[in-house]
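The sequence shown begins at 1246 in our numbering and counts up by one.
Think of the CB as a built atom: it goes at the ideal place given N, C-alpha and C, for glycine as much as any other residue.
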Amino acid sequence: MTVFEPTLSSEKLLEATGRNWEDWLELLDQAGAAKRTHTEIARWLTDEQGLPGWWAQSITVGYERARGLREPGQRADGWSVTASKTIGVPVEKLFEAVERESKRQQWLPDVELHLRTATAPVSARYDWGDGTTRLIVGFESLGPKKSRIALEHERLPDGEVAERMKVWWRERVLVLKEQLESGLPRA
């Protein structure tokens, strides 16, 4: 059984909504939320409880996790994992290491990515392999010689694959960091 670890504190929730986690979980149980879809729960919170969309979504996800209806990283379209790393190079160089296939193959060999959209040097979106999963990459400049990459691999088929991919992505961004900071390709 999954242990409920809310991403929002009860205090913050109480301050913003007038109820803490215990109160929201009890109210949602009484409303039959365990038998409703994610969309139905969020809509009920918005329409009947007057919550703004962000709070309705956050409480819905928290409820689903607390009641074992959703695992961490699970979404309606599958699981997602993230990885990020601060790297001692300008953001343009980091973007190029991802966006240019010849550079990307140095740290991400044997991975077939199909570019969907890119905005240099801010973001890039790819279909992975046959397109069943997606990769979203964000880039942030932290100064003239430092930047951050944040990846999200989404639409993964299950929690087991997600766990493996999380470990794999952490290793890959470390290889990227080592390559870019040393100036040498290394797979």
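query: Leu1425 in three-state terms, based on DSSP; result: helix
query: Alpha carbon of Ala1287 to alpha carbon of Arg1345, nearest angstrom; result: 40 angstroms
query: Length of the line joining the Cα atoms of Leu1258 and Arg1281; result: 22 angstroms
query: Unbroken stretches of the alpha helix (DSSP H), 4 residues or longer, contained in the segment 1287 to 1319; result: 1298 to 1311
query: Sequence-distant residues of the same chain with beta carbon closer than 7 angstroms to Glu1341, five excluded per side; result: Lys1348
query: Classification of His1359 by the beta-carbon crowding that lies within 10 angstroms, buried from 16 upward; result: exposed
query: Boundaries (first-last residue) of the beta strand (DSSP E) holding Ala1369; result: Ser1368 to Trp1373
query: Rounded Cβ spacing between Pro1440 and Ser1392 (contact assumed at less than 8 angstroms); result: Since the first and last residues shown for the chain are 1246 and 1432, residue 1440 lies out of range.
query: DSSP-derived helix/strand/coil call for Leu1353; result: coil
query: Which listed residue (Glu1405, Trp1266, Asp1268 and Val1420) has its alpha carbon closest to that of Ser1325; result: Glu1405
query: In DSSP terms, what Phe1384 is bridged to; result: Ile1394
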